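Taking it in order: structure first as structure tokens, then the write-up.
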Amino acid sequence: MQPTPEQSPHHAYPDHWEADVVLRDGGTARIRPITTDDAERLVSFYEQVSEESKYYRFFAPYPRLSAKDVHRFTHHDYVDRVGLAVTVGGEFIATVRYDRIDATGRPASTPADEAEVAFLVQDAHQGRGVASALLEHIAAVARERGIRRFAAEVLPANNKMIKVFRDAGYTQQRSFEDGAVHLTLDLEPTAESLAVQRAREQRAEARSVQRLITPGSVAVIGTGRTPGGVGRTVLRNLLGAGFTGRAYAVNSSFDADQGTIDGVPAHRSIGEIGEPVDLAVVAVPADRVPEAVADCGEHGVQGLVVLSAGYAEWGAEGRERQRELVRQARSYGMRIIGPNAFGIINNADGVRLNASLAPEPPAPGRIGLFTQSGAIGIALLSGLYRRGAGLSTFISAGNRADISGNDFLQYWYEDPNTDVALLYLESLGNPRKFTRLARRTAAVKPVVVVKGARHSGSTPPGHAVPISRIPDATVSALMRQAGVIRVDTVTEMVDAGLLLADQPLPAGPRVAILGNSESLGLLTYDACLAEGLRPRPPRDLTTAATPQDFRDALAEALADRSCDAVIVTAIPWVGENGQAEKGDGEVLAAALRTAAATGPAKPVAVVHVEIGGLAEALAAASSTVAAPRVAATAAPGASAAADGKGTSRATGASATPGITRTPATSAPPNPPAQPHAPGSGVPTPSAPSTGRIPAYPAAERAVRALAEAVKYAQWRRQAAVPGKVPEFLDDTIDEAGAADRIDALLGPDPDPRGRQLSHDEARELLGCYGISVRPTLPAPDPDAAVAAAARLGYPVALKTTAPHLRHRADLGGVRLDVANETALRRAYGELTDLLGKPAELQPVVQSMAPRGVDTVVRATIDPAAGAVLSFGLAGAPSELLGDTAHRLVPATDRDAAELIRSIRAAPVLFGWRGAAPVDTAALEELLLRVSRLVDDHPEVVSVALEPVVVATQGLTVLGAALRLSPPPARTDLGPRRLPNY
């Protein structure tokens, strides 16, 4: 919406202030600046506000707005006078306005830095978090315009408004003057205000997902009159799952007397239904979707699942059609899954929703699954079904134009029905937010991710994402930092998910291996070593081992305090007649279940090869269906139940495919956790241990899943006590001085392409953060080199600084330990004879540093992921092998310690082959200082310290390259808003 000429011509309409937001109840609304075109909307809005709310706003009865009021409230200069409105369906539901004032409270202009602020929310929309969202946005606008404080007068009886200000988290002062509460808010964001903002974001976005997957009624728009077709298939699946709510079939082509379709009411439009509809599944051609969306929006539908194709995956025209779809849906307060989606499933008992095209719906369970690909979704559902893995929720988001994996992380974070989150992602729309949400979720339940389209330029059609320059290896490292279990294939994701959903986390990497095949045991042993685990020598039970032998051996291994996990390997065993027993693996399954149920809580996995019935028995008992944790009451040698044939079997074994169950006669030692709705608080960390045992057809797959569980468990233990930035850094950091230098270097009109600093400029800026760079002196000719060496003192280094030769000692561009003038002149001549003229080489002289290990410290600002701190050893081998570690900024002391220990060449720093260990404490401090620099000053978009020579005591930075640029937008720190792709 553009301004009319009546508005101030030198302040254009600030369209970047427009934003879609999710409110507390999960609905959406749009926030935008008020313009002169809004006069009628403002009057209509005010007429729907109660007399009490008007009194609270104006401190007196104020039944209607005068023409002068309407003019004042719709004419703004977007600097000293700003008004924002919240709209739903194009109509106002709330407004906020600020007027800049001086110290006496009179109207003012810049440089006055205080403004009076006032809100008005329609009564029907109070309690939805509208005012809180407006405060975030008007505060961001005010900071942009140089306003640092808000002043507000509130009547003492207006408790709701007082609470909005009080709960915002800003530093504030309150006083009582002239019968009103006078509030002053400092608008500088604080840790508390950011925490409040993110907590509200989590509650709102989790609630928006909950509205979609727990509907009380569903309408399938596009249900065909004859069997077959997308809409009719979804309706059939919806009814087949036993949906607990009301279902409707909608098709504009139905006859007026259609009556029912598949036993549910049939209507030609949503409006004809005459009852509230919570969710609409849209399965009509793309050109008819806008009509369907309008019908839904006008009749109060809360959310949409759009299965229709023909959007961004079809090119530029489709992308614009997709943007318009999102705009239209959000204007009505609805959120969208899709378009080009496969559907959603919620197996909760009170819902039983299957609004998808899934031919084999999964059983109820504890795994949440999100996928951006319909084809991968089909494959995953089929694989999980075969292995008996139960799901709590399934979402195939298609082009994920609105609802994304981030939204479902918000929901799963405290969903009591989900213990493990599995995500197949082809793109990351908001990587900064993803890592933040994943870290928080991973602290209470595992998050397993497969990232498709990993290579540059391979983003799938229809996925509009920010451009990222960081390689996939860096993305993987950052996910690991956030506690995400990243695997390479969907098979590995299922393998890890099965183990994590039903087994306790291992206390360490020590693994016991037992089985009836020495060869299979050795394969498992080797696989454990390859994955960084600490296996004990395999215990061979011989091929004559019986199920009773397996049970006794497993019970003994679980009771052994020197092991943290057990892998059982099994091949067909030899019976008393010398024949291989291939049949009835249920006997072995029952024996393993009994031992696992009676032993300590340690993860157990089974590797099986060609045992008839074992895979089926394990599958039948390994469904990840929700069940209370049980503890067997029988002794390890007691049978679970007799089948009348002298064979020991588990009581009440499930007939569903996948992991073994404990005896049904066992009693749970602890009451089950009480379910709670999203937004009710921080969830209790999940600790799955249902007694079910995952089975794998290959040792490598079982070991890899266990290794991921070990690494995740270690991360969880460390995350329980978060790292911190040492306080001693504050005494040696001149943040204000650095800011002044940056402002001076960038100038009043900075080049948007940025500016590379000279060596001396970089030294000065780094010095503000306690980072000392050894000086260099230019040597344009041999005499200058000799003069420089005399000034610095021998021995010196002579090196080239030409871009194509910098840090390339392998090309001969560096001469070290030059002891005297004669040696220096000789070295200078060798350099110029070998590599070119001095003007091309740009040689410099530098005093020698103590011997040590050459390392590299870098920090870069990626437009998608944010600031990334990197570390590695200097030299071509590390670059060729990609042996570099990465962490997100700001880095803590723990991050810095892990950073230098996570590269493969780390032993070089700690005394490899008898060498003296170097000063890693000094290296960690340097990493923290670089992290602080780029975190405090987003204008520093690139830092490269190379080489950093780390000696046994201290370190020396020999080279530094810094680049400044106008700071990129930090959407993760601004007010809440939905992304626009």
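If you use our numbering, the sequence shown corresponds to residues 163 to 1143, in order.
Note that beta-carbon positions come from the ideal geometry of N, C-alpha and C, so glycine has one too.
Being a predicted model, the structure only gives us computed values, none of them experimental.
Can you give the beta carbon distance from residue i to residue j, rounded, assuming they're within the 8 Å contact cut?
| i | j | result |
| --- | --- | --- |
| A442 | A403 | Actually they do not touch by this definition, with Cβ atoms about 18 Å apart. |
| R528 | T580 | 6 Å |
| Y586 | T533 | 4 Å |
| E569 | S370 | The sequence shown places Asp at residue 569, rather than the Glu named in the question. The Cβ separation is near 7 Å, so the contact holds. |
| G560 | P633 | So it is not a contact: roughly 27 Å between Cβ atoms. |
| D348 | Q334 | 7 Å |
| V283 | A256 | 4 Å |
| T731 | A861 | 7 Å |
Helix, strand or coil: which one does DSSP assign to residue i?
| i | result |
| --- | --- |
| T272 | coil |
| E278 | strand |
| A793 | Below a pLDDT of 50, predicted positions are generally treated as unreliable, and A793, at 33, falls in that range; no measurement from the model is reported. |
| K595 | helix |
| Y217 | helix |
| K999 | coil |
| N145 | Residue coverage of the chain in this structure runs from 163 to 1143, which leaves residue 145 outside it and unanswerable. |
| T756 | helix |
| K613 | strand |
| P176 | coil |
| R194 | strand |
| P1039 | helix |
| H966 | coil |
| G554 | According to the sequence as given, residue 554 is Ser; it is not Gly. Three-state result, S554: strand. |
| N561 | coil |
| N508 | strand |
| N516 | strand |
| E437 | coil |
| R226 | coil |
| Q1004 | coil |
| L246 | strand |
| A751 | helix |
Once you ignore the five residues that flank residue i on each side, which residues in its own chain have a CB closer than 6 Å to its CB?
| i | result |
| --- | --- |
| A674 | R698, A719, C725, V728 |
| S271 | D242 |
| W574 | G530, T580, A583 |
| I423 | T385, A411 |
| T636 | H1048 |
| P1012 | A1113 |
| D1098 | E897 |
| R408 | S379 |
| I933 | R1091 |
Can you give me the Cβ contacts of residue i inside the same chain, cut-off strictly under 8 Å, excluding the 5 residues immediately before and after it?
| i | result |
| --- | --- |
| F338 | P318, H344 |
| N982 | Y956 |
| L907 | R917, L919, E923, L927, L1126 |
If you drop the 5 nearest sequence neighbours on each side, which residues of the same chain put their C-beta closer than 7 Å to that of residue i?
| i | result |
| --- | --- |
| E354 | G331 |
Is the closest heavy atom of the ligand GTP to the C-beta of residue i under 8 Å?
| i | result |
| --- | --- |
| A719 | In the structure shown, the ligand GTP is absent, as is every other ligand, since no ligand is present at all. |
Can we say the stretch 687-695 touches the stretch 705-717, given the rule of at least three CB pairs closer than 8 Å? no
Contiguous alpha helix (DSSP H) assignments of at least 4 residues, all confined to the stretch 687-727: 709-721
Would you call the stretch 243-251 and the stretch 185-201 in contact, with 3 or more CB pairs under 8 Å? yes
Cβ contact (3+ pairs, closer than 8 Å) linking the stretch 281-293 and the stretch 181-193: yes
Between the stretch 1011-1022 and the stretch 1093-1106, do at least 3 Cβ pairs fall closer than 8 Å? yes
Do the stretch 503-514 and the stretch 550-565 meet, that is, are 3 or more Cβ pairs less than 8 Å apart? yes
Whole alpha helix (DSSP H) elements within the stretch 1077-1142, 4-residue minimum: 1082-1098
Indicate whether the contact test is met: 3 or more Cβ pairs, each with one atom in the stretch 1058-1072 and one in the stretch 1085-1098, closer than 8 Å. yes
Per the contact definition of three or more C-beta pairs closer than 8 Å, is the stretch 454-464 in contact with the stretch 516-533? no
Going residue by residue through the stretch 461-489, where are the continuous alpha helix (DSSP H) segments of at least 4 residues, counting only ones entirely within it? none
Are three or more beta carbon pairs between the stretch 925-944 and the stretch 1001-1010 nearer than 8 Å? yes
Taking 8 Å as the threshold, find out whether the stretch 305-312 comes into contact with the stretch 273-280 through three or more Cβ pairs. yes
Runs of beta strand (DSSP E) wholly within the stretch 335-382 (minimum 3 residues, chain order): 342-348
Inspect the CB distances between the stretch 1074-1085 and the stretch 885-892 and report whether three or more fall short of 8 Å. no
Evaluate the contact criterion for the stretch 971-980 versus the stretch 990-1000: three or more CB pairs, one atom per stretch, below 8 Å. yes
Are there three or more Cβ pairs, one per stretch, closer than 8 Å when the stretch 487-499 is compared with the stretch 537-552? no
In chain order, what are the residue ranges of uninterrupted beta strand (DSSP E) at least 3 long that sit wholly in the stretch 379-430? 379-383, 408-412, 426-429
Would you mind listing the beta strand (DSSP E) stretches within the stretch 1009-1067 that are 3+ residues and don't spill past its ends, in chain order? 1015-1024, 1028-1035, 1046-1050
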